[in-house]
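Q: Chains as they are written, first to last, in the numbering used here: chain A, 985 to 1131; chain B, 634 to 808.
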Amino acid sequence: MGRSLALVAAVTALIMSASPKLQGAETVWSGLVIAENVAQPQPIPSELTRIEGSLKKLFGYNQFQVIGQSRKLLKTGQEDWLATSKFFGLHVDARGESEAGYVLNLKLYKEKELLLETDAKLSKRSPLVIKGPQVGSGQLLLILVVQ
Amino acid sequence: MKTFEEKWTAWLDGQLSGGELAEFEASLPDKAAAEAEKAEAKKLGVLLKREIGAQTLMNEEFFSHQLRERIARETAGSSRESGGRRIEVSTWWTIRRLLWTGTASLAVFLVFAIFVMRDKNPAEQSQYLTQILNARVDPVVSPNATISMFEAKEDRVTVLWTEGLQSLPSDYAAK
């Protein structure tokens, strides 16, 4: 009986000691994407396949083309990086890690002009999509995914 | 009435006396041979007593012997009963242990419930969804811009939706 109780207590302590914090380094993919309707759409980039349904449903376009991207391995949660295209730049500044994910400050630049700024907690299981300005007949989207 | 063998054994052991002794000795066909046999039997008795001796039991052995006998008796008795009636089978799950196990399980459940629910504020957004903390646009560049946020549940996508940002020519879609 005593041994059984000791075993139960040990297992309980072991499970409780497992912290729910995020563990290890994770890669964040950041992309500048032009969404538009074309006659013969290109296949969606592999980074976006998991949210293809939502993108098409939300924005109503049939093609999503990456014009700039960055893939950053986060080790400390304090890194910053830039995803750029010819005219746009997305600056991402990671400001720490929490149970909910990474705290990020995002700034969208058109050349040197700041168009949009936001702070977000990016979860590993939940991509972030930002609707940017209209570009020609399409739409600029900023997408961040923890891979 | 004693048989001849009984009287013979008694005579060898020196148990006959009086008229019975005289009567038996008179019935012996060869008294000298019988006396020689009696002497041999005595010698054998003395030898056996000396060589083997009586083994006395120690206290521990005595009780151990008693216990073994009792167990053997009970085992034999229960095996006799097995054909006639149902035997109670002992099990680890006694009432006392069941109570202890139930109490321990309940305690573990409560501890888990407290630890899991401790930090969870129901008013907060799920930690599995990306949360937008704040957002702003340059009011000079896009004076009519508006911002809203929502979640697309099916892919767990969090969306920051802007309207009224300055539109740009298609040249800006260049890589």
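Just so it is clear, CB atoms sit at the ideal spot from N, CA and C, and this is done for glycine as well.
#1: Kindly examine the ligand GDP and report whether one of its heavy atoms sits closer than 8 Å to the Cβ of Arg683(B).
#2: Val1022(A) CB to nearest chain B CB: under 9 Å?
#3: Is the beta carbon of Leu762(B) closer than 9 Å to that of Leu1099(A)?
#4: Nearest CA to the CA of Gln764(B): which residue from Ile1028(A), Gln1123(A), Leu1106(A), Ile1114(A)?
#5: Tell me Val1130(A)'s beta-bridge partners as DSSP assigns them.
#6: Please name the residues in the region 723-752 of chain B whose beta-carbon is closer than 7 Å to at least one beta-carbon of chain A, in chain order.
#7: Could you tell me whether the Cβ of Asp1077(A) comes closer than 9 Å to any Cβ of chain B?
#8: Would Val790(B) and Val1050(A) be called neighbours here (beta carbons separated by less than 9 Å)?
#9: Consult DSSP for Leu661(B) and reduce its assignment to one of helix, strand or coil.
#10: Taking 9 Å as the threshold (beta carbon to beta carbon), is Glu1097(A) in contact with chain B?
#11: What residues of chain A sit near Thr791(B), judged by a beta carbon separation below 9 Å?
#12: DSSP three-state label for Phe1071(A), please.
#13: Give the single residue among Val1129(A), Leu1125(A), Ser1014(A), Gln1131(A) whose Cα lies nearest to the Cα of Ala1067(A).
#14: Just mark Gly1122(A) as buried or exposed, buried being the case when its beta carbon has 16 or more other beta carbons within 10 Å.
#15: Using CA coordinates, which residue listed in Met782(B), Ala665(B), Ala740(B) is at the minimum distance from Lys1103(A)?
#16: State buried or exposed for Glu1031(A), treating a residue as buried only when at least 16 other CB atoms are found within 10 Å of its CB.
#17: Going by DSSP in three states, Thr636(B) sits in which element: helix, strand or coil?
#18: Quick one: Cα of Leu700(B) to Cα of Thr724(B), how far?
A: Short version:
#1: Summarising the ligand content, the structure contains no ligands, and the ligand GDP is consequently not present.
#2: As a first step, residue 1022(A) is located in the first sequence; it is residue number 38 there, counting from the start. False, the Cβ-Cβ gap to chain B never drops below 9 Å.
#3: Within the first sequence, the letter at position 115 stands for residue 1099(A). Within the second sequence, the letter at position 129 stands for residue 762(B). Against a cut-off of 9 Å, the Cβ pair of Leu762(B) and Leu1099(A) comes out as no contact.
#4: By 1-based counting over the second sequence, the position of residue 764(B) is 131. Cα-wise, what sits closest to Gln764(B) is Leu1106(A).
#5: Residue 1130(A) sits at position 146 when you count from the first residue of the first sequence. Paired residue(s): Val1012(A).
#6: Arg730, Trp733, Ala737, Val741, Val744, Phe748
#7: Numbered from its first residue, the first sequence carries residue 1077(A) at position 93. Output row for Asp1077(A): interface = no.
#8: Here residue 790(B) refers to the residue found at position 157 when the second sequence is read from its first residue. Here residue 1050(A) refers to the residue found at position 66 when the first sequence is read from its first residue. The answer is no: Cβ separation not under 9 Å.
#9: Working through the second sequence from its first residue, we reach residue 661(B) at position 28. It is coil, neither helix nor strand.
#10: Mapped onto the first sequence, residue 1097(A) falls at position 113. Cβ-Cβ to chain B under 9 Å: yes for Glu1097(A).
#11: Locating residue 791(B) in the second sequence gives position 158, where the first residue counts as 1. Correct list: Ala1104, Leu1106, Ser1107, Ser1110, Pro1111, Leu1112, Val1113.
#12: To locate residue 1071(A), count along the first sequence from 1; it is residue 87. Here Phe1071(A) sits in coil by DSSP.
#13: Start at 1 with the first residue of the first sequence, and residue 1067(A) comes out as number 83. Nearest option by C-alpha distance: Ser1014(A).
#14: Residue 1122(A) sits at position 138 when you count from the first residue of the first sequence. Classification for Gly1122(A): buried.
#15: Position 119 of the first sequence, counting from 1, holds the residue named residue 1103(A). Reading the sequence as shown, one finds Asp at residue 1103(A) and not Lys. Ranking the options by Cα distance to Asp1103(A), first place goes to Met782(B).
#16: As a working note, residue 1031(A) is residue 47 in the first sequence. Glu1031(A) comes out buried.
#17: As a first step, residue 636(B) is located in the second sequence; it is residue number 3 there, counting from the start. Three-state result, Thr636(B): coil.
#18: Sequence index remark: in the second sequence, residue 700(B) carries index 67 (1-based). Sequence index remark: in the second sequence, residue 724(B) carries index 91 (1-based). C-alpha separation (whole angstroms): 24 Å.
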